[in-house]
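All residue numbers for the sequence shown refer to my numbering, where the first residue is -10 and numbers rise by one.
Beta carbons are placed, not taken as given, at the ideal position from N, Cα and C, and that holds for glycine.
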Amino acid sequence: MNDSDFTNYTDLFTNTTETNMPGYWAARVGFNAIGGTAIAIFGLIGNVISIIVLMNYKQESSTPLLLTFLAVFDFIFLFFELFLEQLTMLSKFGLITAAYRPFITPIYVLFIAVPRIAFTGTMTMTILITIERFVVVVHPLRAARLCCKPMARKAIVCVFIWAVVFNIPRYLAYTTYEKSDPKTNTTRTKFIRTEFGESNLYNDIFIIWITFTLEFLIPFIIILALNAQLLLAIRRSREFAPKSMKKRNESGGRLNAMVLAVTTMFFLCGMMSASALILVRGVNKYEDCSVACNNYIAVADTMLIINSSVNIILYCAVGKKFRTIFMKVFCCRRKRISYPLSVKSNTKTTSFSG
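Structural data, given as structure tokens:
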């Protein structure tokens, strides 16, 4: 489902079973299907928790709102990637029921572009968050006007529209048709590429050049340049800021650390996917690429799943306020319930002691 997943998706709906699995499928099934499923489930839970915690941030800054919708896009990516890609692959090789593929085939063509729409949203939100932190730290006088929640909401709407429009060609590249089987007297839904999906316009110009440029090359340059400027600005502010200002800037510094952690993870994971996209340029089938090439692609595709799954770990690791709100949201209620029991127990103990 990722850009480096260069094969015709109809490979997932052939009758290959685990007993005659080609060598180039081994890493994809083991690492991407089994490992990716486990990571995606963790990520779905983690993103829900992140959304709940970030919605409880009481700040005028737009950063928590942007991080919330980053988690929303990550959740959508993981959800559809899991049900369209990972579970289909597990079904193909007999690791879950074979009935899953006939069930998912008509749904597949309707939602095939959704993971890519979500990834485009994730990528654009990551750039937006990087720009927002850059403006706050490097141009603080403009931050009050540009980095407020109303502006963030407008930007999020624009991101969603762009993500959908950019991925419209993916909907035009695939279709389904009904095929009758006279032996069993049944009709099966087949998933195939359209003429446009087989064309050089789609496979070379759109998938390779346009996608690589707009979803990898330009975002990487922006993230790398702005993060470098952000780190320099933070370093200078720490060196020259008076002691009275350092405590006031501590909260913003932790927010900066969260953003830097998220954007760095996106950069590292995206680099593998981008390199895989270049590696398989001009290759149309898994079997046309070596086993080592396929193994690398499987790892690269899984790295995108990891990127959308681990933000909660980064938030907890570097975000003190995130940890504090997490404890308040998920642990305070439990403490309130247990507190009267503790008092009652202590009263009884005192009374028996007296």
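Residue i versus residue j - alpha carbon distance
i    : j    : result
I210 : T115 : 13 Å
K138 : L54  : 7 Å
A132 : T52  : 11 Å
T202 : R134 : 31 Å
K317 : F58  : 22 Å
N300 : V37  : 11 Å
R17  : N284 : 7 Å
T165 : I196 : 21 Å
L257 : I295 : 11 Å
K179 : F149 : 31 Å
E74  : G35  : 20 Å
T200 : C320 : 44 Å
L117 : N189 : 32 Å
T313 : L56  : 17 Å
R159 : L266 : 16 Å
Y191 : W198 : 10 Å
F185 : L161 : 7 Å
V280 : V146 : 42 Å
Beta-carbon proximity of residue i to residue j, cut-off 8 Å
i    : j    : result
M260 : V307 : no
A15  : V127 : no
V42  : F315 : yes
A22  : L67  : no
L293 : S262 : yes
N216 : L249 : yes
A152 : G110 : yes
Y163 : I96  : no
Burial state of residue i, where buried means 16 or more other Cβ atoms lie within 10 Å
i    : result
D193 : exposed
S297 : buried
F155 : buried
R105 : buried
I302 : exposed
E70  : buried
E365 : In this structure the chain extends from -10 to 343, so residue 365 is not present and cannot be described.
F352 : The chain is shown only over -10 to 343; residue 352 falls outside these bounds and no answer can be derived.
V251 : buried
E121 : buried
C278 : buried
M78  : buried
T8   : Caution applies to T8, whose pLDDT of 47 falls short of 50 and renders its modelled position unreliable; the value that the coordinates give is listed next. Exposed: under 16 other Cβ atoms inside 10 Å.
R90  : buried
T183 : exposed
V349 : Within the shown structure, residues of the chain are numbered from -10 to 343, placing residue 349 beyond reach of any answer.
Given residue i as reference, the closest of the options once Cα atoms are compared
i    : options                : result
G32  : S169, K47, R17, F64    : F64
C136 : K317, V269, N245, E49  : E49
M254 : F185, I101, T119       : T119
V125 : Q218, K310, F180       : Q218
F82  : G25, S188, G19, F100   : G19
T94  : M44, K168, G24         : K168
I157 : A141, K310, I212, V98  : V98
M112 : I212, C282, R225       : I212
R177 : R225, E184, F185, A88  : A88
A27  : A107, L76, N45, M44    : L76
S39  : F92, Y304, A281        : Y304
G25  : P171, A289, K309, K310 : A289
S226 : M44, I207, P129, I286  : P129
F92  : L84, P208, F72, V103   : F72
Per-residue DSSP class, three states only, for residue i
i    : result
C137 : strand
Y46  : coil
T183 : coil
T86  : coil
S279 : coil
S169 : strand
R105 : helix
Closer than 8 Å to chain C by CB, residue i
i    : result
T178 : This model lacks chain C altogether; it includes just one protein chain.
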